[in-house]
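Residue numbers (this note's numbering): 18 to 166.
From the three backbone atoms N, C-alpha and C, an ideal C-beta is built for every residue, glycine too.
Computed from a predicted model, the values in this text were never measured in an experiment.
Okay, so here's the structure we're looking at.
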Amino acid sequence: MTIEIIIKYVHFVTIFAIVGSLVSEHLLLKEKMTRAEIQRLSVIDGVYGLSAIILLGAGLALWLWVGKPAEFYSKNWIFHLKLGMFVGLGLLSIYPTIFFLKNRKGESMDELVAIPSAIKWMLRMELLLLFLMPLFATLMARGIGYFGE
Ligand code: HEM
């Protein structure tokens with residue numbers, strides 16, 4: 018029971034970290050940014066990536082190890098939808114992450130770099146997914162969407 022509580026707590030705290038870092042990235046993003054500013058975004062993006070990995074670990078543990086039987090989730094289409102959204106989140110974060118990493122260093126840290134508008138839109142799509150996921154999580158945790166016997 019204790020381990021389940023700890024894992025559920027980790028699941029929530031890493032969600033907070035993901036939301037916090039994504040909202041910060043979105044607020045800090047400008048059309049043109051200095052390398053120093055991009056470097057800061059890259060650090061926040063690192064917090065986002067690390068939190069996502071820990072969140073995945075906690076989610077897998079809740080699914081396959083502690084708490085309800087794995088089948089409770091494996092045979093629930095809303096759970097699979099939620100997993101698909103998590104994969105979507107990961108895919109949407111690839112381009113911004115690579116862009117920040119590539120552009121964080123240069124000749125002059127004050128040099129201005131144009132930020133592609135696609136990055137802002139990808140962050141917005143990620144925030145939209147994050148906004149919907151707790152609804153699907155709440156439904157599937159109560160057995161709604163279960164298609165087993
Ligand atoms: C950003 C991503 C995620 C968000 C926002 C999220 C959100 C949530 C929330 C709010 C709950 C609590 C539902 C409740 O008790 O009413 C929950 C539970 C759960 N999550 Fe996630 N989750 C995410 C990622 C994942 C991933 C990647 C997995 C699996 C690999 C996962 C597996 C689970 C499981 C199995 C539960 C059920 C726990 C229970 O029945 O009490 N989650 N999630």
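A direct Cα-Cα distance of roughly 46 Å separates residue 23 from residue 124. Between ligand 1 and the CB of residue 92, the shortest heavy atom gap is not smaller than 7 Å. By a beta-carbon distance limit of 8 Å, residue 145 does not contact residue 43. Their separation comes to about 12 Å. With respect to the 8 Å criterion, residue 150 and residue 102 are classified as neighbours on the basis of their beta carbons. Annotation: residue 26 to residue 33 spans about 11 Å, alpha carbon to alpha carbon. The three-state reading of DSSP puts residue 60 in helix, counting H, G and I together.
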